[in-house]
Structure formats: C-alpha cells, structure tokens
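**Q** My structure is below; once you've seen it, I'll send some questions.
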Ligand code: SAH
Ligand code: SF4
Ligand code: F3S
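Numbering (this note's numbering), first residue to last: 296 to 735.
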C-alpha cells in the first residue's frame with residue numbers, strides 16, 4: 296500500500312451492544328488525544344473505524360457491505376480500521392477479503408489503535424487481536440466530557456460458554472477491573488457531567504474486587520461505594536446472569552437508593568431441556584424463584600430479558616414453555632432474537648435446526664407478548680410521580696425527553712435543561728413512551 300498523509304479527522308461507527316458503544320467512545324477519546332477531530336459524516340472522515348459486532352450472522356454481514364460503501368464517488372477510500380468482535384473473530388478473513396482495510400483491532404487491543412493507524416499511514420497493514428483486557432484500560436486516557444448518562448465497563452469477558460454464543464471467544468475470559476480504577480473513572484465521568492452511570496459487563500454481576508479497606512466485595516459493594524459520589528444520582532448495571540445474582544445485590548435493590556429499580560436478567564428460554572442444551576446453569580423455575588426474591592426486595596422493579604427462539608431442536612411444546620415464562624414474569628421490556636448459528640459454537644453443530652419460517656412465526660408470538668406486557672407496564676405507571684433525568688430535546692418545541700427510574704422514555708413540555716433531574720407526574724402511556732407533566 297502507498298503511504299498517505301496522516302489522518303486529521305475520524306469517524307467511529309459502533310454496531311453492537313452497550314460495551315461496544317463504550318469501546319467506540321474510548322477509541323474516539325484516544326484519537327482525539329492524538330490531535331484528530333471527530334466528524335459526524337463518515338463521507339468526509341480521513342479515518343473510519345467500523346466497530347463491529349459478531350453476535351448474530353446479520354450483524355457480521357453488515358461489516359462487509361459497510362466496507363464496500365466506504366468507497367467514495369471519486370474512487371478513493373478513507374483509511375479503514377475494523378475494530379470490535381468481528382475483528383477479533385475473523386481478522387485474517389477481513390484482511391484477505393477486503394484489501395481496503397488497513398487496520399484490524401480486537402476489543403482487547405484497541406488501546407494500540409493510534410500507533411497502528413500511524414503505521415498504516417506509512418503503508419503497512421496492521422492486526423492486533425491479543426487478549427486479555429487488563430493492559431487496555433491502563434493505557435486509555437482519562438475520561439473528560441460526558442453527557443448526563445454514561446457507560447462504564449467494570450467487567451469484561453465471559454466464562455459461561457452458552458452453547459450458541461460467540462462472546463467467550465471474542466471477549467475472552469472474565470476479568471474484573473480494579474475497584475480504585477472504577478471509582479476514579481466514575482468520578483471523572485461525574486466531573487465531566489454524568490448524573491447517571493450504567494455499569495457494563497458481559498456478566499456484570501460477576502464483578503468482584505477489593506474495597507480500599509481490603510474487604511472482598513461484589514457488585515453490590517461497588518454500587519454502594521459509587522453511591523457516595525455526591526453528584527452521581529443514578530446507578531444502573533447490565534447485563535446480569537442469573538447464576539451471579541447474589542443476596543447482597545438483591546438486597547442492594549432495597550437499600551441503595553441510587554440503584555435504579557430496573558433489572559435486565561436474560562433467561563433465553565422457558566424450557567428446561569433447551570436451557571440445558573444452551574448450557575445455561577439455571578432452570579425455568581429457578582429463574583422464577585430468583586425473580587420472586589428480587590421483587591420481594593424491590594416490589595416496583597422493572598424487569599427486562601433476552602429470548603432466543605428456534606434454538607436447535609426446540610419443539611412446539613418447548614416453545615410454549617417460553618411463552619409461559621414470559622406470561623409468568625410480565626416484563627417491562629425485553630429483547631428477542633431468532634437463533635443464529637455461529638461458527639465455532641457447539642450449538643451450530645447440534646441436530647434439529649429449526650426452519651426460518653418457524654423461527655419467524657415464533658419470534659412474532661414472543662414479540663406480541665412482550666409488546667403487550669410493555670404497554671401494560673407503562674399503563675400501570677400512570678399516576679406515579681417520579682424523577683426524570685433529562686437527556687435531550689424532544690421533537691416538539693419546548694419538549695424534553697428523559698428516562699424514568701424504570702428506564703421508560705418520558706416526554707414533557709416545560710422549562711428544563713439537559714442533565715436536570717425533574718419531578719414529573721406520569722399522565723398517559725403508549726407502548727414506547729410516556730407523557731409526563733412537570734410538578735409545580
Ligand atoms: N452477556 C449477555 C449478553 C449476550 S449477547 C448475556 O448473557 O445476557 C445478548 C443476547 O443476544 C443474548 O442474551 C442472547 O439472547 C442473544 N444471542 C446471543 N447469541 C445468539 C445467537 N447465536 N443467536 C441468537 N441470539 C443470540
Ligand atoms: Fe454469551 Fe452466555 Fe456469556 Fe451471555 S452468559 S455472553 S449469552 S456465553
Ligand atoms: Fe456484539 Fe461483541 Fe457486544 S459480539 S454483542 S459487540 S460483546
């Protein structure tokens with residue numbers, strides 16, 4: 296490849312989960328610290344970072360079509376870096392299939408992005424897919440600016456090896472970031488404007504650490520320490536695994552007023568046979584008992600989940616068990632997916648792959664119930680008075696958008712500013728948002 300002038304502008308596009316978005320922000324901060332300027336339009340950026348997701352086949356395919364679309368009308372291409380989980384899983388293949396890609400960098404190695412970009416401008420093609428993640432965090436710059444809500448990765452990687460999932464391979468083994476580093480990063484985010492922090496991890500509730508006193512703590516202890524930061528108003532966390540939902544964390548939902556009444560706790564299926572084949576370490580009934588304990592601690596908690604329909608061998612009766620567990624829980628919101636066979640995972644080699652049309656039908660049934668329950672949850676909120684954290688302006692003049700404690704989108708029209716926590720009466724509900732009225 297010919298040498299080119301060093302990029303002055305960049306654009307990072309993130310395709311994946313919240314941790315992928317967090318990584319995208321950190322890469323942008325790194326490039327900014329190198330003197331480059333972020334631009335919104337990728338058509339004009341000298342450097343484009345595609346921060347990819349490998350979780351389902353569709354997500355992965357997007358990468359290649361996106362690379363193709365980066366070619367400009369005059370035939371030139373920007374300097375292209377592919378980051379994220381597809382880079383980790385298929386780095387060599389990307390380099391072979393897409394000659395315009397100059398940098399491939401995995402999710403545990405992106406602290407090296409600036410030096411890789413510098414080498415690529417001199418004409419080489421660079422790949423970094425080393426693990427694990429410890430070195431990365433130490434090498435990232437201090438956080439500076441933040442919106443009212445911020446993400447903070449506290450735990451990364453996964454040792455659970457659900458048989459359908461690529462994450463243990465793309466993100467590596469579970470690691471917990473050190474307590475002091477997290478307190479420092481949280482303080483910097485709050486100093487930079489954050490009022491709400493969402494703690495992130497593939498298994499966020501598997502986080503363990505040592506408080507400054509030397510005491511061993513889990514996520515509940517971390518949340519308790521974070522709650523002492525005066526200007527931090529709200530703490531959230533995602534995604535949790537049922538196996539790591541310990542008593543202390545359940546109790547924290549009763550005792551820590553800054554911990555928001557919302558829990559994303561995926562169950563994936565309602566069938567014990569399927570759960571076992573998925574290598575989930577819980578039964579449907581064990582999950583429901585856990586939900587009972589969480590609700591006993593925090594009766595108003597909003598529950599969220601993830602579902603996979605059409606896992607290999609899933610029968611109609613097993614699928615009916617999934618519908619039944621949805622009915623039993625009554626989710627405030629949930630995500631559902633058609634099973635997608637991923638290369639290298641055990642489930643991809645299982646018998647009984649479910650036809651696409653059957654999966655589509657099952658997905659529609661799951662989504663109908665989830666939508667029904669989401670609307671019911673929103674309607675049941677009418678008459679509540681709660682705080683809303685204002686995140687942005689709405690479409691109507693004078694209108695503001697923010698989130699309730701239960702993570703519902705609330706809009707209201709009144710005097711306000713981004714980052715305000717305002718008292719609002721919830722007055723009418725739709726499936727995806729709630730109309731509120733500011734108190735006083
Ligand atoms: N660590 C988190 C998130 C994993 S990915 C957790 O365990 O919940 C987010 C969701 O994607 C999963 O919960 C699962 O519902 C879905 N998912 C993962 N692999 C998938 C696959 N191969 N096909 C379809 N959905 C999948
Ligand atoms: Fe994937 Fe299971 Fe790990 Fe979640 S817990 S990241 S679904 S392997
Ligand atoms: Fe996707 Fe990687 Fe997140 S595969 S869901 S970006 S951990």
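Built from N, CA and C at the ideal position, the CB exists for glycine as well.
Determine the extent of the alpha helix (DSSP H) in which residue 631 is found, giving its start and end residues.
**A** For the purposes of this step, residue 631 is taken as residue 336 along the chain shown, with counting starting at 1. First-last for residue 631: 628–633, but that is the beta strand (DSSP E), not the alpha helix (DSSP H).
**Q** Among 673, 618, 635 and 670, which one has its Cα closest to the Cα of residue 659?
**A** In the chain shown, residue 659 corresponds to position 364, counting from 1. Checking every option, the nearest Cα to that of residue 659 belongs to 618.
**Q** Am I right that residue 508 and residue 383 are in contact with their C-beta atoms under 8 Å? What's the rounded C-beta distance?
**A** Residue numbering aside, residue 508 sits at position 213 when the chain shown is read from its first letter. Residue numbering aside, residue 383 sits at position 88 when the chain shown is read from its first letter. Residue 508 to residue 383, Cβ: 37 Å. No contact.
**Q** Which full runs of the beta strand (DSSP E) of 3+ residues lie inside the stretch 461–515, going along the chain?
**A** DSSP runs (the beta strand (DSSP E)) wholly in the stretch 461–515: 491–495, 503–505 and 511–513.
**Q** Determine contact between the stretch 659–668 and the stretch 698–709, defined as no fewer than three beta-carbon pairs at a distance below 8 Å.
**A** Because the criterion of three Cβ pairs below 8 Å is not met, the stretch 659–668 and the stretch 698–709 do not touch.
**Q** Starting from residue 520, follow its DSSP beta bridges and name the residues at the other end.
**A** As a working mapping, residue 520 is identified with position 225 in the chain shown. Paired residues: none, contrary to the question.
**Q** If residue 570 sits next to residue 577, beta carbons under 8 Å apart, how far is it from one beta carbon to the other, in whole angstroms?
**A** Walking along the chain shown from the start, residue 570 turns up at place 275. Walking along the chain shown from the start, residue 577 turns up at place 282. At roughly 7 Å, the Cβ-Cβ gap stays under 8 Å, so residue 570 and residue 577 are in contact.
**Q** Please name the residue, chosen from 505, 514 and 475, that lies closest to residue 493 on a Cα-to-Cα basis.
**A** As a first step, residue 493 must be located in the chain shown, where it is residue number 198. The shortest Cα separation from residue 493 among 505, 514 and 475 belongs to 514.
**Q** Based on DSSP bridge pairs, tell me the residues matched to residue 308.
**A** Within the chain shown, numbered from 1, the residue matching residue 308 stands at position 13. Paired residues: 345.
**Q** Which residues are close to ligand 2, meaning CB closer than 6 Å to any heavy atom, in chain order?
**A** After applying the 6 Å Cβ criterion, the set is 453, 455, 456, 457, 460, 462, 463, 497, 498 and 536.
**Q** Measure how close the beta-carbons of residue 703 and residue 676 come, nearest whole angstrom, since I'm counting them as under 8 Å.
**A** Along the chain shown, read from residue 1 onward, the residue named residue 703 stands at position 408. Along the chain shown, read from residue 1 onward, the residue named residue 676 stands at position 381. Going by Cβ atoms, the distance from residue 703 to residue 676 rounds to 7 Å, so yes, they are a contact pair.
**Q** Applying the criterion that 16 or more other CB atoms from any shown protein chain within 10 Å of the CB defines a buried residue, is residue 691 buried or exposed?
**A** Here the question's residue 691 lines up with position 396 in the chain shown. By the 10 Å Cβ count, residue 691 comes out exposed.
**Q** Pull the bridge partners of residue 439 from the DSSP assignment, please.
**A** Stepping through the chain shown from its first residue, residue 439 is reached at position 144. The partner list for residue 439 (beta bridge, DSSP) is empty, contrary to what the question assumes.
**Q** At a cut of 8 Å, does the stretch 323–331 reach the stretch 345–363 through at least three beta carbon pairs?
**A** The stretch 323–331 vs the stretch 345–363: no contact.
**Q** Closest to residue 517 by CA distance: which of 479, 457, 422 and 635 is it?
**A** Translated into the one-based positions of the chain shown, residue 517 becomes position 222. Checking every option, the nearest Cα to that of residue 517 belongs to 479.
**Q** Given a cut-off of 8 Å on the beta-carbon distance, is the pair residue 354 and residue 305 in contact?
**A** Looking up residue 354 in the chain shown gives position 59. Looking up residue 305 in the chain shown gives position 10. No, Cβ-Cβ distance for residue 354 and residue 305 is not below 8 Å.
**Q** Using the beta-carbon count (16 or more within 10 Å), is residue 563 buried or exposed?
**A** On the chain shown, residue 563 is found 268 positions in, with the first residue counted as 1. Buried, since its Cβ has 16 or more Cβ neighbours within 10 Å.
**Q** Quick one: what does DSSP say residue 548 is sitting in, helix, strand or coil?
**A** As a position in the chain shown, residue 548 is number 253, starting the count at 1. DSSP places residue 548 in helix when its eight states are reduced to three.
**Q** DSSP puts residue 637 in a beta bridge; with which residues?
**A** On the chain shown, residue 637 is found 342 positions in, with the first residue counted as 1. According to DSSP, residue 637 bridges with nothing at all.
**Q** Tell me which same chain residues have a C-beta within less than 8 Å of the C-beta of residue 586, skipping the five on either side of it?
**A** Looking up residue 586 in the chain shown gives position 291. Result list for residue 586: 560, 598 and 624, in chain order.
**Q** CB of residue 322 to nearest heavy atom of ligand 3: below 7 Å?
**A** Indexing the chain shown from 1 puts residue 322 at position 27. Checking the Cβ of residue 322 against ligand 3 gives no.
**Q** How close, in whole Å, do the beta carbons of residue 449 and residue 495 come, if the pair is a contact with beta carbons under 8 Å?
**A** What you label residue 449 is simply residue 154 of the chain shown in a count that begins at 1. What you label residue 495 is simply residue 200 of the chain shown in a count that begins at 1. The pair is a contact, with the Cβ atoms about 7 Å apart (cut-off 8 Å).
**Q** Could you tell me whether the Cβ atoms of residue 683 and residue 734 are closer together than 8 Å?
**A** Taking the first residue of the chain shown as position 1, residue 683 is located at position 388. Taking the first residue of the chain shown as position 1, residue 734 is located at position 439. No, these two residues do not count as a Cβ contact at 8 Å.
**Q** Drop a sphere of 10 angstroms on the beta-carbon of residue 456, count the other beta-carbons inside from all chains shown, and report buried for 16 or more, exposed for fewer.
**A** Sequence index remark: in the chain shown, residue 456 carries index 161 (1-based). Residue 456 is exposed by the Cβ-count criterion.
**Q** Can you tell which of 444, 552, 521 and 530 has the C-alpha that lies nearest to the C-alpha of residue 488?
**A** Position 193 of the chain shown, counted from the first residue, corresponds to residue 488. For the residues 444, 552, 521 and 530, the minimum Cα distance to residue 488 belongs to 444.
**Q** Does residue 652 pass the burial test, meaning 16 or more other C-beta atoms within 10 Å, or should it be called exposed?
**A** Indexing the chain shown from 1 puts residue 652 at position 357. Residue 652 should be labelled exposed.
**Q** Within 7 Å: the Cβ of residue 533 and any heavy atom of ligand 3?
**A** Taking the first residue of the chain shown as position 1, residue 533 is located at position 238. Not so, every heavy atom of ligand 3 lies at least 7 Å from the Cβ.
**Q** Taking residue 421 and residue 430 to be in contact with their CB atoms under 8 Å, please state how far apart those CB atoms are, rounded to whole angstroms.
**A** The residue you call residue 421 lines up with position 126 of the chain shown. The residue you call residue 430 lines up with position 135 of the chain shown. Not a contact, Cβ separation roughly 17 Å.
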